[in-house]
Amino acid sequence: MNYYLDRYAVLKWLEIPSVYQIRNDELYELDGKSFAFFKSCMTDPGCRTEDSAFIDYCVEEMLVTKEQVPVKRPRLLRSPDPSLRYLELQITNVCNLRCKHCYIGDESHRELSLKQIGNILREFEEMQGLRVLITGGEPLLHTKFDAVNEMLQDFMLRKVLFSNGLALNKANLKGLNVEEIQVSIDGLEEAHDTLRGNGMFTRSMEAVRAAREAGFDVSIATMAHPGNLPDLDEMEGLFKGLGIKDWTVDVPCITGRLREHAEFHLKPEAGRTYLGYGYGAGLHGTGQGFGCGLHLMSVFADGKAAKCTFYAARAGGAVEQGLQSC
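Mapping the sequence shown onto my numbering, position 57 (from 1) lands on 113, and the numbers just tick up by one.
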């Protein structure tokens, strides 16, 4: 029997050739023989093997299927070394909140054009990227978000929407072309609302539940501050009970609006305690000893780029010159 590469499985020629399952966010490293096998699964005749245990595993992991599904696949090109696997794409810095810890602060409103977004995604895909993180501000407030959302269907990448949840509802969740939604929850009700405004915890948690009910993978991002440490154990139980895929707890940089709110600054020894919380797979191979990891880049709403948002104030590259030159 012949088999074909699954609709949501894509070969990635990284430092070690791999196959990536977009839907479950799993990356499988390949040896030379298995890489050749999966390449043949992309052809019209399909692939076959006498190793029944191997093929059963591939079917179970949603890497191959018995039915050929027409799909436009990206070119299989060797990635840079180190590879660019994760792209934070800040499509707008406009937001519907004024959070006290926001690193963006009160910059003038900017957004990437549709042309810029399309060019960035095409280049990222050809560089063998895995996951694009669509951020803001609040990305749903991009003036042409519907067109951005439509565009996302054209790329074999895992699309993750970062949101505070306020603009999410059952109606617009139905049409979102992303695999995952990450919502910011910065404590239980009192601790969260202290940063983001009264009633915001309830509204954001409603969005979390609605996204889960709509079938999306949901992850949670928490920024540590002195008021939420007592909440973290209860938060972990709450998130696991809701089926949250990943929970990350980060210590914020003292930039943007956080400079004006010393009451939310953390001492280094307290930060170590917070970083013991969180769960989930995170990134596939981050690189030890690097603050941003080896495989991440951030592109900001003004078209500048940096290794990650930690270095937003020192963004240097310009996306018009291409991601590889940033």
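Where is the CB? At the ideal position from N, CA and C, for every residue including glycine. On a predicted model such as this, the values are computed, not experimentally measured, just so you know.
Does residue i come out as helix, strand or coil in the three-state DSSP assignment?
i: ALA65; result: strand
i: GLY46; result: This structure cannot settle anything about residue 46, because the visible part of the chain is limited to 57 through 382.
i: ASP249; result: helix
i: ALA374; result: strand
i: PHE93; result: helix
i: LEU285; result: helix
i: VAL274; result: strand
i: GLU71; result: coil
i: MET57; result: coil
i: LEU352; result: strand
i: THR258; result: helix
i: MET291; result: helix
i: ALA361; result: strand
i: LEU83; result: strand
Just to confirm before moving on: does the CB-CB distance between residue i and residue j stay below 8 Å?
i: PHE258; j: HIS198; result: Looking at the sequence shown, residue 258 is not Phe but Thr. Taking 8 Å as the Cβ cut-off, THR258 and HIS198 do not qualify as a contacting pair.
i: GLY102; j: VAL150; result: no
i: GLN184; j: SER139; result: yes
i: GLY312; j: TYR159; result: yes
i: VAL120; j: LEU61; result: yes
i: ARG187; j: LEU213; result: yes
i: LEU170; j: ALA223; result: no
i: MET57; j: ARG129; result: no
i: GLU194; j: LYS301; result: no
i: LEU232; j: ASN205; result: yes
i: SER164; j: GLY221; result: no
Cutting at 8 Å between CB atoms, please list the residues of its own chain near residue i, excluding the five before and the five after it.
i: LEU298; result: VAL264, ARG265, ARG268 and VAL274
i: GLU82; result: TYR76 and GLU117
i: ALA361; result: MET353, SER354, VAL355, ALA371, GLY372, GLY373, ALA374, VAL375, LEU379 and CYS382
i: GLU123; result: TYR60
i: TRP69; result: LEU132, LEU133, ARG134, SER135 and GLN184
i: THR329; result: LEU285
i: ALA137; result: Correcting the residue identity first, residue 137 is Asp in this sequence and not Ala. Result list for ASP137: GLU71, in chain order.
In whole angstroms, what separates the C-alpha of residue i from that of residue j?
i: LEU189; j: ILE276; result: 13 Å
i: PHE211; j: LYS230; result: 19 Å
i: GLY293; j: MET256; result: 20 Å
i: PHE91; j: ARG178; result: 23 Å
i: PHE93; j: GLU316; result: 57 Å
i: ASP112; j: GLN377; result: 45 Å
i: ASN80; j: LEU67; result: 15 Å
i: GLU71; j: LYS95; result: 17 Å
i: ILE176; j: HIS351; result: 16 Å
i: GLY88; j: PRO73; result: 8 Å
i: LYS200; j: GLU182; result: 25 Å
i: ASN431; j: GLY349; result: Outside the modelled stretch of the chain, which goes from 57 to 382, sits residue 431, for which no answer is possible.
i: SER135; j: PHE180; result: 10 Å
i: PRO282; j: LEU322; result: 7 Å
i: LEU331; j: LEU86; result: 32 Å
i: TYR84; j: THR99; result: 20 Å
i: VAL127; j: LEU285; result: 47 Å
i: PHE110; j: ALA337; result: 24 Å
i: ILE78; j: ALA227; result: 24 Å
i: CYS364; j: ASP107; result: 43 Å
i: GLY327; j: CYS97; result: 47 Å
i: GLN209; j: HIS248; result: 34 Å
i: TYR142; j: VAL239; result: 18 Å
i: GLU262; j: LYS296; result: 16 Å
i: ALA318; j: ALA65; result: 47 Å
i: VAL305; j: GLU325; result: 15 Å
i: CYS155; j: TYR333; result: 22 Å
i: LEU168; j: ILE241; result: 26 Å
How about residue i: is its C-beta nearer than 8 Å to some C-beta of chain B?
i: THR304; result: No chain B is present in this structure, which holds just one protein chain.
In chain order, what residues of the same chain have a beta carbon less than 6 Å from the beta carbon of residue i, not counting five sequence neighbours either side?
i: VAL234; result: LYS215 and LEU217
i: TYR335; result: TRP303
i: HIS4; result: Outside the displayed span of the chain (57 to 382) sits residue 4, for which this structure offers no information.
i: ASP358; result: ARG166
i: VAL125; result: ARG63
i: LEU145; result: VAL188, ILE190 and VAL355
i: GLY56; result: What is shown of the chain runs 57 to 382, which leaves residue 56 out entirely.
i: LEU383; result: Here the chain comprises residues numbered 57 to 382, so residue 383 is not present and cannot be evaluated.
i: ASN225; result: none
Excluding five sequence neighbours on each side, which residues of the same chain lie with their C-beta closer than 7 Å to the C-beta of residue i?
i: GLU290; result: LEU244
i: GLY174; result: MET207
i: GLN172; result: GLY359 and VAL375
i: ASP7; result: With the chain represented from 57 up to 382, any question about residue 7 goes unanswered, as that position is not in the structure.
i: ILE310; result: HIS321
Give, in chain order, every unbroken run of the alpha helix (DSSP H) that is at least 4 residues long and sits entirely within the stretch 306-335.
As far as the stretch 306-335 is concerned, its whole alpha helix (DSSP H) runs of at least 4 residues are 324-330.
Ignoring anything shorter than 3 residues, give me the beta strand (DSSP E) runs that lie fully in the stretch 160-235, in order along the chain.
Counting whole runs of 3 or more residues, the stretch 160-235 contains the beta strand (DSSP E) stretches 187-191 and 214-219.
Complete runs of the beta strand (DSSP E) confined to the stretch 102-166 [at least 3 residues]
List check, beta strand (DSSP E) in window: 142-146.
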